[in-house]
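*Asks:* Read in order, the letters of the sequence shown are residues 13 to 420 in full-length UniProt numbering.
Starting off with a structure, shown below.
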Amino acid sequence: HGLMRAGIRAAARKGDEQARFFNDPAVRADPYPFYASVRAAGPVVRGRLMWATARHDLAGAVLRHDAFGVGFSDRAMPGLVGAVFRYSRRSSPIGPVDPPSMLVTDPPDHGRYRRLVSKVFTARAIEGLRPRIEQTCAELLRDKPVDLVADFASLLPVTVIAEILGVPLDMRRQFLAWGNAAAPTLDLGLGFSTYRRTEVNIKRVNDWMRGHFARLRREPGDDLLSQLVQLDDLSEDELLATAGLLLAAGFETTVNLLGTGAWLLMRHPEQLAVLRDEPQRWGNAVEETLRYDSPVQVTARVCRRATEFGGARIEPGQVVMSMLAGANRDPDVFEHPDEFDVTRANAREHLSFSGGAHYCLGAALARLEGEIGLRMLFERYPDLRIDGEPHRRTTRVLRGFESLPVTI
Ligand code: HEM
């Protein structure tokens with residue numbers, strides 16, 4: 013990690029665009045001029061560490077291309093970048109156990125995990141959660157929020173996922189603390205201590221989860237995890253990887269959708285007025301929020317065989333960063349891409365839920381939580397205003413607010 017960190021710093025000093033993503037505070041504050049510069053530099057741009065694309069067509073194509081995979085295995089990604097990628101994933105909630113979660117598993121194994129989870133995570137099951145999500149929102153909004161993230165945006169998703177996993181609600185604060193400590197491990201170039209801390213936390217979650225599975229086997233509830241445990245098709249470690257992924261993916265991202273959406277609407281009262289007059293547009297407001305400031309900014313794929321891609325020759329083992337949030341501002345697809353417009357006709361073409369085999373399994377749930385959460389927030393507190401200095405999370409891959417002081 014020391015070497016990787018030094019490498020990223022040195023590359024960033026030499027103007028390496030991809031290294032700037034992980035290193036430059038200006039890019040963290042506002043990454044959009046940076047994505048525009050990557051797009052202007054070419055279809056796929058080579059850096060010292062990896063390739064990158066911020067073009068909508070190519071950022072999507074790399075996710076669907078069968079020459080590219082998630083590259084978790086040793087064979088897929090040789091060298092220092094590979095070693096750091098694997099280590100950091102192993103010490104993050106997305107791949108700590110062997111076999112790791114579906115998010116970092118290539119086909120054909122990927123399909124087996126995904127099909128099993130899809131069996132219980134059906135569109136019908138998600139839609140069935142609507143009344144509970146509405147009830148949870150109403151309860152959370154009973155007291156006026158002071159910090160919109162702590163009092164609402166973080167609590168709604170963690171409550172919903174806790175219910176899906178049949179977890180007692182008093183575990184929520186604990187999950188939030190674990191999740192927040194682990195979120196930076198999706199970035200590169202961190203200090204070793206961050207990974208150590210996360211490893212210790214993950215071990216605690218996993219120990220707790222094993223006990224939880226045993227409880228659900230003895231006394232299954234009507235939650236989705238009880239069903240998954242009953243299927244008996246996943247080994248204990250596979251179950252652990254799946255539950256850990258659902259837990260982390262379930263709230264680390266949706267909190268950003270809710271926080272960013274509320275922030276954007278407070279800053280654009282004219283857009284809020286449109287939604288007040290035409291509430292049927294709330295779904296599109298969620299899509300536009302996802303497009304305008306994606307909760308997951310980038311993802312990466314590893315080349316499995318030499319491939320011509322975007323006019324470049326990519327060699328096996330090389331990494332291509334798909335800049336999802338950059339693609340979402342591509343002027344070839346979105347007119348006036350830097351404007352936030354809840355009536356935008358093609359907002360849904362964003363890449364914020366990724367694409368191809370790993371397209372977000374929770375997209376329908378995230379959309380439902382986003383729509384209900386933002387609508388009920390502004391119905392209950394129509395005059396909600398920012399009141400103080402908002403603070404952004406320091407993470408790079410995940411983008412959103414850590415705190416958002418508000419007044420009603
Ligand atoms: C995968 C984004 C909410 C479960 C992904 C990926 C992205 C993403 C970008 C794919 C990463 C890649 O291709 O490398 C988001 C965003 C969300 C959200 C922006 C909220 C606004 C959720 C929720 C759940 C969930 C609520 C579940 C409860 C998953 C799972 C995968 C995934 C299981 C792995 C799918 C696979 O590998 O086949 N998500 N997600 N996500 N997401 Fe989400």
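Note that beta-carbon positions come from the ideal geometry of N, C-alpha and C, so glycine has one too.
Based on Cα-Cα distance, which residue from 80, 197, 363 lies nearest to residue 213?
*Replies:* Nearest option by C-alpha distance: 197.
*Asks:* In chain order, what residues of the same chain have a beta carbon less than 6 Å from the beta carbon of residue 393, not counting five sequence neighbours either side?
*Replies:* Only 420 meet the Cβ criterion.
*Asks:* Could you name the residues of the same chain whose beta carbon sits closer than 7 Å to that of residue 169, not counting the 5 residues immediately before and after it, in chain order?
*Replies:* So the list reads 262, 263, 266, 267, 381, once near-sequence residues are dropped.
*Asks:* Thinking C-alpha only, which one of 246, 229, 245 is nearest residue 238?
*Replies:* Cα-wise, what sits closest to residue 238 is 229.
*Asks:* Cα separation between residue 71 and residue 330?
*Replies:* If you take the alpha carbons of residue 71 and residue 330, they lie about 16 Å apart.
*Asks:* Within the present structure, is the beta-carbon of residue 307 separated from the nearest heavy atom of the ligand HEM by less than 7 Å?
*Replies:* At least one heavy atom of the ligand HEM is nearer than 7 Å to the Cβ of residue 307, so yes.
*Asks:* Compute the beta-carbon to beta-carbon distance between residue 54 and residue 30, rounded to the nearest angstrom, for a pair I have assumed lies under 8 Å.
*Replies:* Between residue 30 and residue 54 the Cβ distance is about 13 Å, and since that is not below 8 Å, they are no contact.
*Asks:* For a minimum of 4 consecutive residues, which ranges assigned as the alpha helix (DSSP H) are wholly contained in the stretch 271-349?
*Replies:* Listed in chain order, they are 281-289, 294-304, 336-339.
*Asks:* Cβ of residue 369 versus every heavy atom of the ligand HEM: is any distance shorter than 7 Å?
*Replies:* Indeed, a heavy atom of the ligand HEM lies less than 7 Å from the Cβ.
*Asks:* I'd like the list of long-range same chain contacts for residue 62, defined as Cβ closer than 8 Å, with 5 residues on each side in sequence excluded.
*Replies:* Answer for residue 62: 30, 93, 312, 330, 331, 332, 333, listed in chain order.
*Asks:* Shortest alpha-carbon distance to residue 185 belongs to which of 204, 162, 199?
*Replies:* Ranking the options by Cα distance to residue 185, first place goes to 162.
*Asks:* May I ask you to check if the CB of residue 73 is nearer than 7 Å to at least one heavy atom of the ligand HEM?
*Replies:* For the ligand HEM, not one heavy atom lies less than 7 Å from the Cβ of residue 73.
*Asks:* Between residue 403 and residue 414, what straight-line distance do the alpha-carbon atoms span, to the nearest angstrom?
*Replies:* Distance between the alpha carbons of residue 403 and residue 414 is about 6 Å.
*Asks:* Just the C-alpha distance for residue 21 and residue 35, rounded to the nearest angstrom, thanks.
*Replies:* Their Cα atoms are separated by approximately 7 Å.
*Asks:* Examine the ligand HEM and report whether any of its heavy atoms sits within less than 7 Å of the Cβ of residue 362.
*Replies:* For the ligand HEM, not one heavy atom lies less than 7 Å from the Cβ of residue 362.
*Asks:* Could you tell me the boundaries of the beta strand (DSSP E) in which residue 33 lies?
*Replies:* That residue, residue 33, is in no beta strand (DSSP E); its alpha helix (DSSP H) goes 29-35.
*Asks:* Would you mind working out which of 39, 44, 77 sits nearest residue 370, comparing C-alpha positions?
*Replies:* Nearest option by C-alpha distance: 77.
*Asks:* Measure how close the beta-carbons of residue 471 and residue 389 come, nearest whole angstrom, since I'm counting them as under 8 Å.
*Replies:* Any property of residue 471 remains undetermined from this structure, which presents the chain solely from 13 to 420.
*Asks:* Beta-carbon within less than 7 Å of residue 255's beta-carbon, same chain only, minus the 5 sequence neighbours each way: which residues are those?
*Replies:* Only 177, 221, 237 meet the Cβ criterion.
*Asks:* Could you please give the first and the last residue of the uninterrupted alpha helix (DSSP H) stretch that includes residue 148?
*Replies:* Segment 142-152, the alpha helix (DSSP H) holding residue 148.
*Asks:* I need the straight-line Cα distance from residue 18 to residue 27, nearest angstrom please.
*Replies:* So the alpha carbons of these two residues sit roughly 14 Å apart.
*Asks:* Does the beta carbon of residue 372 fall short of 7 Å from some heavy atom of the ligand HEM?
*Replies:* Yes, the beta carbon of residue 372 sits closer than 7 Å to at least one heavy atom of the ligand HEM.
*Asks:* Could you please give the first and the last residue of the uninterrupted beta strand (DSSP E) stretch that includes residue 414?
*Replies:* Start and end: 413-415.
*Asks:* Within the present structure, is the beta-carbon of residue 137 separated from the nearest heavy atom of the ligand HEM by less than 7 Å?
*Replies:* No, the beta carbon of residue 137 sits no closer than 7 Å to any heavy atom of the ligand HEM.
*Asks:* In this structure, does DSSP put residue 69 in helix, strand or coil?
*Replies:* The answer is helix: DSSP assigns residue 69 an H, G or I state.
*Asks:* Alpha carbon to alpha carbon, how far is residue 400 from residue 134?
*Replies:* Computed Cα separation, rounded: 41 Å.
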